[in-house]
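Colleague: Going down the list, the protein sequences come from chains S and E. Just so we're aligned, residue 5 is where the first sequence starts under the numbering used here, counting upward by one. Just so we're aligned, residue 8 is where the second sequence starts under the numbering used here, counting upward by one. Cβ atoms here follow ideal geometry from the backbone N, Cα and C, with glycine treated the same way. What you are looking at is a predicted structure, and each value in this text was computed from that prediction instead of being measured.
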Amino acid sequence: MSTLSSAVTAGFDVEKIRQDFPVLKQTVHGKPLVYLDSAATAQKPSIVVDAIRKFHEVDCANIHRGVHELSQRSTAAYEETRTKTKKFLNARNEAELIFVRGTTEGINLVSSSWGRTNVKEGDEIVVSAMEHHSNIVPWQMLCEEKGAKLRVIPMNDRGELILEEYEKLLGPRTRIVAVAHVSNALGTINPIRQMIEMAHQVGALALIDGAQAAPHLKVDVQALDADFYTLSGHKICGPTGIGVLYGKTKLLTAMPPYQGGGDMIRTVSFEKTTYNDLPYKFEAGTPNIAGGIGMGAALDYLNRIGLDNIAAYEHELLVYGTSQLEEIPGLRIIGTARQKAAVLSFVIEGIHPHDIGTVLDRQGIAVRTGHHCAQPVMDWFHIPATTRASLAFYNTPAEIDKLVAGLKKVKEIFS
Amino acid sequence: MVDDLYQEVILDHSKRPRNCHSMDDANRRAEGYNPLCGDKLKLFLKVEDDVVKDVSFVGSGCAISTASASLMTESLKGKKREEALKLLERFHELLTTDTPVSKDLGKLVVFCGVRDYPARVKCATLAWHTLKSALTTNEPEPVVTTE
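1. On the criterion of 16 or more Cβ atoms from any shown chain inside 10 Å, does residue 182 of chain S qualify as buried, or is it exposed?
2. Give, in chain order, every residue of the region 345-363 of chain S whose Cβ lies closer than 7 Å to some Cβ of chain E.
3. Using the three-state DSSP reduction, which class does residue 273 of chain S fall into: helix, strand or coil?
4. Can you tell which of S:343, S:359, S:355 and S:338 has its C-alpha closest to the C-alpha of residue 349 of chain S?
5. Just to confirm, is the Cβ distance from residue 396 of chain S to residue 46 of chain S under 8 Å?
6. Three or more C-beta pairs closer than 8 Å, one from the region 13-31 of chain E and one from the region 108-118 of chain E: is that the case here?
7. Based on DSSP bridge pairs, tell me the residues matched to residue 369 of chain S.
8. Between residue 78 of chain E and chain S, is any beta-carbon pair separated by less than 8 Å?
9. Counting contacts by CB-CB distance shorter than 8 Å, is residue 68 of chain E in contact with chain S?
10. With DSSP as the reference, label residue 40 of chain E as helix, strand or coil.
11. Which chain S residues sit within Cβ distance under 9 Å of residue 46 of chain E?
12. Is residue 5 of chain S helix, strand or coil by DSSP?
13. Measuring CB atoms only, is the region 132-139 of chain S touching the region 375-391 of chain S, in the sense that at least three cross pairs come out at less than 8 Å?
14. Since residue 303 of chain S contacts residue 88 of chain S with CB under 8 Å, what's their CB separation in whole angstroms?
15. Here's the rule: buried if 16 or more other CB atoms are within 10 angstroms of the residue's CB, otherwise exposed. What is residue 232 of chain S?
16. Going by beta carbon distance, what residues of the same chain come within less than 6 Å of residue 236 of chain S, once the five residues before and after it are set aside?
17. Is any beta-carbon of chain E found at less than 8 Å from that of residue 373 of chain S?
18. Pop quiz: residue 240 of chain S and residue 59 of chain S are said to be a contact at Cβ under 8 Å. What is the actual Cβ separation, rounded to whole angstroms?
19. Below 8 Å on C-beta distance, what does residue 12 of chain E contact in chain S?
20. Going by CA-CA distance only, name the one from S:195, S:176, S:76 and S:35 that's closest to residue 168 of chain S.
21. Can you name, in chain order, every residue of its own chain whose Cβ lies under 8 Å from the Cβ of residue 54 of chain E, other than the five neighbours on each side?
22. Check residue 385 of chain S in the structure and name its three-state DSSP category.
23. How about residue 417 of chain S: is its C-beta nearer than 8 Å to some C-beta of chain E?
24. Report the residues of the region 122-139 of chain E with a CB closer than 7 Å to any CB of chain S, ordered along the chain.
25. List the endpoints of the continuous beta strand (DSSP E) containing residue 71 of chain S.
26. So if DSSP puts residue 184 of chain S in a beta bridge, which residue, or which two residues, is it bridged to?
27. Identify each residue in the region 97-120 of chain E for which the Cβ-Cβ distance to at least one residue of chain S is less than 9 Å, and report them in chain order.
28. Would a C-beta distance cut-off of 8 Å place residue 66 of chain E and residue 47 of chain E closer than the cut-off?
29. Could you check if residue 31 of chain E is buried or exposed, using at least 16 other CB atoms within 10 Å of its CB as the buried criterion?
30. Indicate the three-state DSSP secondary structure (helix, strand or coil) for residue 130 of chain S in the structure shown.
31. At what residue ranges does the region 92-146 of chain S contain a whole run of the alpha helix (DSSP H), taking only runs of 4 or more?
32. Nearest-angstrom Cα distance between residue 126 of chain E and residue 108 of chain E?
33. Less than 8 Å between the beta carbons of residue 392 of chain S and residue 371 of chain S, yes or no?
34. Between residue 429 of chain S and the rest of its own chain, which residues show a CB-CB distance below 7 Å, the 5 nearest in sequence each way excluded?
35. For residue 203 of chain S, count neighbouring Cβ atoms within 10 angstroms of its own Cβ and tell me buried if that reaches 16, exposed if not.
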């Protein structure tokens, strides 16, 4: 079987969608490319590539500075992305949305600016056992600097956070809870709405790493009541080097600037400098203008397809992929949460992921192998690494069949 | 094709690695770690009168790194320290340059396919980096990484 039969996918024309992605129309090592590494970076539709090209060919100018036509055009295009992002995340206003390089910078901005001001010796910061290194290391650095303590929410064998243990970790010393909406290594969708509420009950803030959630789920920062929510443009079909940090206005207003420079100031003299309003207070220097414009095009594209449609289709793919992989003897899926995004992380007995990745690559199949920047997750499952096939809405059931055939070839070589 | 990389000898050594055990009376030890893929390796050497009398390893890694460690241990026994370091140089050239294959390499030539897989060079060299640190540093138990 290589077609999905449900009513959900009947109206989803994946072949038409694939036409939007030039990169998918190529062969690798003589085989049609099967791209199953979207959790690392998502591919870019033509609309994004064209928007970046148009900026460079037609509108290129610095923003927020010039009175000339080109500067006004580029400023308008860049700022329009902020408006689109506001809609995408359902933020209250544009001032709550800060453009950053990506999720990593979003987290570092909060740990540096909010963290240095608000975290004191003896305070506690809570992260989870399934965090990406980017949501562990900035907090560890802060703890080291301030003499605060990092506490870790454990998970179960399925790769689900244990909420009873989380509750025990929370207390009057908890200052912030930093947790992924969706795990990149396991695919687990965490119950962040509940987790944010629990953090708030003890007076702590919550930062959500949305890098893996934004491409797959509808996010509503107001409904979640997230204090900070951050994402990367390149995971949502936009370019690399651009992302968004959402923060509640009252928190951002009270926070000191993250970096100093142009654009983040109102007045500068050697005696005293006054800072710009939100969000510019946190955007020093000429930003990634082309990236911001490209991300805006990506948001348009995702909105056109609809995140609900994307989520439903990807879920079908996940169910199909899971059932096909489970039939391979000796294969174990790592991460079997009941609420899961389309990530298939697995190990095969006696065969190292690197060897799997190389053999698949020679068949045109791109997967990620390694620890996925989540070494504590690997340690927890007592494995050095996994092979990860991460799916997107432009993947097809036939590609999953190719993955399965590829894995059979892997087993032939190493049996 | 991928068979050029996974030659029979490599598959054989990855499935049945030789000298794969720890050594209580080793007088030099080193650890190697490839942070990119999580491969870990412990190397044990018994060096007497500047000659490698015995060598063994334990660790977990991919087929390339395991086979490389296994074949390395086979080719080192009885070699002088200088000869071992020279062999390391030849091996590194085999993986990273187009120079003609040195006849000193013996069985190690099976790794010639690795040069077409740049992402896998570190797998093949992990054991050798570890060897270098075991033979050249004064620390009793150095740790090296491929990064």
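Modeller: Quick look at the numbers:
1. Along the first sequence, one-based indexing puts residue 182 of chain S at 178. Buried.
2. Within the region 345-363 of chain S, the residues whose Cβ lies closer than 7 Å to some Cβ of chain E are 356, 358, 359, 362 and 363, listed in chain order.
3. Stepping through the first sequence from its first residue, residue 273 of chain S is reached at position 269. Here residue 273 of chain S sits in coil by DSSP.
4. On the first sequence, position 345 is the one that residue 349 of chain S refers to. Put simply, of S:343, S:359, S:355 and S:338 the residue whose alpha carbon is nearest the alpha carbon of residue 349 of chain S is S:338.
5. Mapped onto the first sequence, residue 396 of chain S falls at position 392. Mapped onto the first sequence, residue 46 of chain S falls at position 42. A contact, by the Cβ cut-off of 8 Å.
6. The region 13-31 of chain E vs the region 108-118 of chain E: in contact.
7. For this step, residue 369 of chain S is matched to residue 365 along the first sequence. DSSP output for residue 369 of chain S lists S:38 as bridge partner(s).
8. Along the second sequence, one-based indexing puts residue 78 of chain E at 71. It does not; no Cβ of chain S falls within 8 Å.
9. Here residue 68 of chain E corresponds to residue number 61 of the second sequence, with the count starting at 1. Residue 68 of chain E counts as touching chain S.
10. As a first step, residue 40 of chain E is located in the second sequence; it is residue number 33 there, counting from the start. Three-state result, residue 40 of chain E: strand.
11. Position 39 of the second sequence, counting from 1, holds the residue named residue 46 of chain E. Within chain S, the residues near residue 46 of chain E are 356, 358, 388 and 389.
12. Residue mapping note: residue 5 of chain S aligns to position 1 of the first sequence, counting from 1. Residue placement at residue 5 of chain S is poorly supported in this model, since its pLDDT is 48, which falls under 50; the coordinates still yield a value, given next. Collapsing the DSSP output to three states places residue 5 of chain S in coil.
13. In short, these stretches touch, since the Cβ pair count reaches three.
14. By one-based count along the first sequence, residue 303 of chain S stands at place 299. By one-based count along the first sequence, residue 88 of chain S stands at place 84. 5 Å between Cβ atoms; contact.
15. Counting from 1 along the first sequence, the entry for residue 232 of chain S is found at position 228. Answer is buried; the Cβ neighbour count reaches 16.
16. On the first sequence, residue 236 of chain S is found 232 positions in, with the first residue counted as 1. For residue 236 of chain S, the CB contacts under 6 Å within the same chain, skipping 5 residues up- and downstream, are 106, 107, 215 and 247 in chain order.
17. The residue you call residue 373 of chain S lines up with position 369 of the first sequence. Interface criterion met: the Cβ of residue 373 of chain S is under 8 Å from a Cβ in chain E.
18. Sequence index remark: in the first sequence, residue 240 of chain S carries index 236 (1-based). Sequence index remark: in the first sequence, residue 59 of chain S carries index 55 (1-based). 18 Å between Cβ atoms; not a contact.
19. Here residue 12 of chain E refers to the residue found at position 5 when the second sequence is read from its first residue. Neighbours of residue 12 of chain E on chain S, chain order: 362.
20. For the purposes of this step, residue 168 of chain S is taken as residue 164 along the first sequence, with counting starting at 1. That would be S:195, whose Cα lies nearest to the Cα of residue 168 of chain S.
21. Locating residue 54 of chain E in the second sequence gives position 47, counting from the first residue. Residues 34, 35, 60, 88 and 142 of the same chain have their beta carbon placed closer than 8 Å to that of residue 54 of chain E, with the five preceding and five following residues left out of the count.
22. Along the first sequence, read from residue 1 onward, the residue named residue 385 of chain S stands at position 381. The answer is coil: DSSP assigns residue 385 of chain S none of H, G, I, E or B.
23. Here residue 417 of chain S refers to the residue found at position 413 of the first sequence. Answer yes: the Cβ-Cβ gap between residue 417 of chain S and chain E drops below 8 Å somewhere.
24. So the list reads 124, 127 and 130, given in the order they occur along the chain.
25. Translated into the one-based positions of the first sequence, residue 71 of chain S becomes position 67. No beta strand (DSSP E) contains residue 71 of chain S, which DSSP labels as neither H nor E.
26. The sequence position of residue 184 of chain S within the first sequence is 180, counting from 1. Residue 184 of chain S is bridged to S:213.
27. Within the region 97-120 of chain E, no residue has a Cβ that lies closer than 9 Å to any Cβ of chain S.
28. Within the second sequence, numbered from 1, the residue matching residue 66 of chain E stands at position 59. Within the second sequence, numbered from 1, the residue matching residue 47 of chain E stands at position 40. The answer is yes: Cβ separation under 8 Å.
29. The count along the second sequence starts at 1 and reaches residue 31 of chain E at position 24. Flag for residue 31 of chain E reads exposed.
30. Walking along the first sequence from the start, residue 130 of chain S turns up at place 126. In the structure shown, the three-state DSSP call for residue 130 of chain S is strand.
31. Fully enclosed alpha helix (DSSP H) runs of 4 or longer: 107-113 and 119-122.
32. Indexing the second sequence from 1 puts residue 126 of chain E at position 119. Indexing the second sequence from 1 puts residue 108 of chain E at position 101. Going by the C-alpha atoms only, they are around 21 Å apart.
33. Indexing the first sequence from 1 puts residue 392 of chain S at position 388. Indexing the first sequence from 1 puts residue 371 of chain S at position 367. Yes. Within cutoff.
34. The structure shown does not extend to residue 429 of chain S, since chain S is modelled only from 5 to 419, so the question has no answer here.
35. Position 199 of the first sequence, counting from 1, holds the residue named residue 203 of chain S. Buried, since its Cβ has 16 or more Cβ neighbours within 10 Å.
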